[in-house]
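In my numbering, the protein residues as written are 2 to 188.
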């Protein structure tokens, strides 16, 4: 009898996890649609949840603010990208950059919305922490002093972030290969 209850709990947790993922996706999608038409600071949680078709309670189970919705999505995006790198085993900086740009190109509207709504700092924070990890593993020459390595990583992170912003301002016209080649010259 106890095993049956445990199986029901496990099944219930899987269902709840799936339902929660759908709720988060619905909220994010609604927020992106609203950001295309409206200033971010004028978008309310109620407006977002209504558009998403979820309750305010569902929102507050997952987030405190609308910025948290974007941060959560960026965390998921970067975690998936890190998983891709690990599974493929890419060690070449050019290939890492190319994969990242290709993945980010599929998120064009997110980047455009962040720029339009002056929320690029959310992306910069994530780029800094993530790219620092990548640079420490594969880009920086381990012969650098710790100070030189830290400055080099920050330089590369800022350059990459600004490359993304500039790419968005050019409506993503340049190819990922061109940008990866350009950025790789500095790695």
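Note that CB positions come from ideal geometry on N, CA and C, so glycine has one too. All values reported here derive from a predicted model rather than from experimental measurement.
Look up residue 179 in the DSSP assignment and say whether it is helix, strand or coil. helix
Name the two residues that bound the continuous alpha helix (DSSP H) containing residue 75. 67-89
Just how far apart, CA to CA, sit residue 48 and residue 80? 29 Å
Just how far apart, CA to CA, sit residue 171 and residue 101? 18 Å
Tell me whether residue 173 sits in a helix, a strand or coil according to DSSP, three-state version. coil
Whole-angstrom C-beta distance between residue 111 and residue 67, which should lie under 8 Å: Residue 67 to residue 111, Cβ: 14 Å. No contact.
Using three-state DSSP, classify residue 107 as helix, strand or coil. coil
Can you tell me whether residue 8 is buried or exposed? The criterion is at least 16 other CB atoms within 10 Å of its CB, across all chains shown. At residue 8 the pLDDT is 49, less than 50, meaning the model places this residue with poor confidence; the figure from the coordinates comes in the next sentence. Burial call: exposed.
Rounding to the nearest angstrom, what Cα-Cα distance links residue 148 and residue 156 in this structure? 12 Å
Taking 7 Å as the threshold (C-beta atoms), are residue 51 and residue 57 in contact? no
Given a cut-off of 7 Å, decide if residue 35 and residue 44 are closer than it, judged by their beta-carbon atoms. yes
Decide if residue 53 is buried, meaning its Cβ has at least 16 other Cβ atoms within 10 Å, or exposed. buried
Out of 70, 65 and 104, point me to the one whose CA is closest to residue 83's CA. 104
Limits of the unbroken alpha helix (DSSP H) element including residue 46: 46-53
If you follow the alpha helix (DSSP H) that residue 63 is part of, which residue opens it and which one closes it? 57-63
Inter-residue spacing [alpha-carbon to alpha-carbon] between residue 65 and residue 26: 16 Å
Please name the residue in 37, 146 and 115 whose C-alpha comes closest to that of residue 163. 115
Using a threshold of 7 Å, state whether the C-beta atoms of residue 184 and residue 71 are closer than that. no
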